[in-house]
Structure formats: C-alpha cells, structure tokens
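In what follows, a structure is listed as structure tokens, so that the remarks can point back to it.
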Amino acid sequence: MYATGLRVSELVRLPVQACNMTSCHLRVLGKGNKERLVPFGEVARERIDDYLDRGRPQLVKKKSCPFLFLNNRGGAMTRNRFWQIINGIAIHAGTKHRISPHVLRHSFATHLLAGGADLRAVQMMLGHADISTTQIYTKIETARLKSIHQRFHPRG
Numbered sequence: 005m006y007a008t009g010l011r012v013s014e015l016v017r018l019p020v021q022a023c024n025m026t027s028c029h030l031r032v033l034g035k036g037n038k039e040r041l042v043p044f045g046e047v048a049r050e051r052i053d054d055y056l057d058r059g060r061p062q063l064v065k066k067k068s069c070p071f072l073f074l075n076n077r078g079g080a081m082t083r084n085r086f087w088q089i090i091n092g093i094a095i096h097a098g099t100k101h102r103i104s105p106h107v108l109r110h111s112f113a114t115h116l117l118a119g120g121a122d123l124r125a126v127q128m129m130l131g132h133a134d135i136s137t138t139q140i141y142t143k144i145e146t147a148r149l150k151s152i153h154q155r156f157h158p159r160g
C-alpha cells in the first residue's frame, strides 16, 4: 500500500488482472469509477510476484475470487481486516504510533513531495479530482522547510 498510495477500498477491490507485472503498474478503479494507472517499484513487484506464486494459491481454495488480496477463506479481503493486519504489524514492530491504512497513503504522498515529486504527478497517483486535496500534503513540507530554515539559517 505504501508503494502505491492506494486507498484501502481500492486495494481490497484490486483485481489480479489489474496488475501489470512487466511494466510495474496497476490499473486502479478509484472514486467515481475513474480509472488511473499507478506505478510501483521493483521491491513491490518482487513481493507481489512472491504472493502470487506462493501465498495466494494457498488461499484460493475451491472458489475463484478475482481480487488480488484474499482473506483466509479465499474470498475478498475487507477494509476492516486490512486495517487489522496493518495494526497488527505496527504492534509487532513495537511502534507507539497508531498506524492505519490511510497513514500509509499519507506517508506515500508526503515522501514523494519531500523527495521533489511534482504536485500534479502525486495528484494523479492518488486519484484526487482536485489539486487542492493534494496540496494538503505540501503544508507539511512548508512546516518542515520553515523548521530547517530556522535551524540552519544565520538569521532564521
């Protein structure tokens, strides 16, 4: 999820055939049934390949489910179950902060912008209809810039 910035509802409804493993992108059906292409990196490709080869076949059982991520009965994973998994990983990692699927999406956008990504490109990856929704993430960067300025500039 962190690799793509998908909404949890998009992630749990993602069909297997929406994953293009050759070009490393997902065909995502977002809010308002708008389709977008979302790239992912090599590490995510390796993890998805491993899941498709070894994890998912153990879950499919008798019935066929078109979705990429399955529950332990071979059906579609729910948003709630995905949240529980993320929360369990955070607890196991010993983090004191509350982690939710949206925190991963938020981190995805914030880290892209902090790394110099174009605001419009981030908007497209997140599937925001309005750029002002994406601009919320730039406010965090503005605060960070101010902190850096105050810390390092002789007249900050």
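The numbering used here puts the first residue of the sequence shown at 5, with every later residue one more than the last.
Glycine included, C-beta positions come from ideal geometry on N, C-alpha and C.
Please read these numbers as outputs of a predicted model, since none were measured by experiment.
Nearest-angstrom Cβ-Cβ length linking residue i and residue j, presumed shorter than 8 angstroms
i: Arg109; j: Met5; result: 7 angstroms
i: Met128; j: Arg40; result: 6 angstroms
i: Gly131; j: Val32; result: 7 angstroms
i: Ala22; j: Leu30; result: 6 angstroms
i: Thr138; j: Leu123; result: 6 angstroms
i: Leu63; j: Asn76; result: 7 angstroms
Coil, strand or helix - residue i by DSSP
i: Ala7; result: coil
i: Pro70; result: coil
i: Pro158; result: coil
i: Arg40; result: strand
i: Arg31; result: strand
i: Ala80; result: strand
CA nearest to the CA of residue i, picked from the options
i: Arg49; options: Arg85, Thr8, Ile89 and His153; result: Thr8
i: Ser13; options: Gly34, Leu30, Asn76 and Leu74; result: Gly34
i: Gly120; options: Asp134, Trp87, Tyr141 and Lys100; result: Tyr141
i: Phe86; options: His96, Gly98, Lys100 and Ser104; result: Ser104
- prompt: Would you say the region 137-148 touches the region 40-53, given that touching needs at least three Cβ pairs under 8 angstroms?
  reply: no
task: Would you check if the region 77-84 and the region 56-69 touch, i.e. whether three or more CB-CB distances between them fall below 8 angstroms?
output: yes
query: Does the region 24-38 come within contact of the region 108-124, defined as at least 3 CB pairs closer than 8 angstroms?
result: no
message: To test your reading of the DSSP string, which unbroken beta strand (DSSP E) runs of 3 or more residues are found completely within the region 87-122?
response: none
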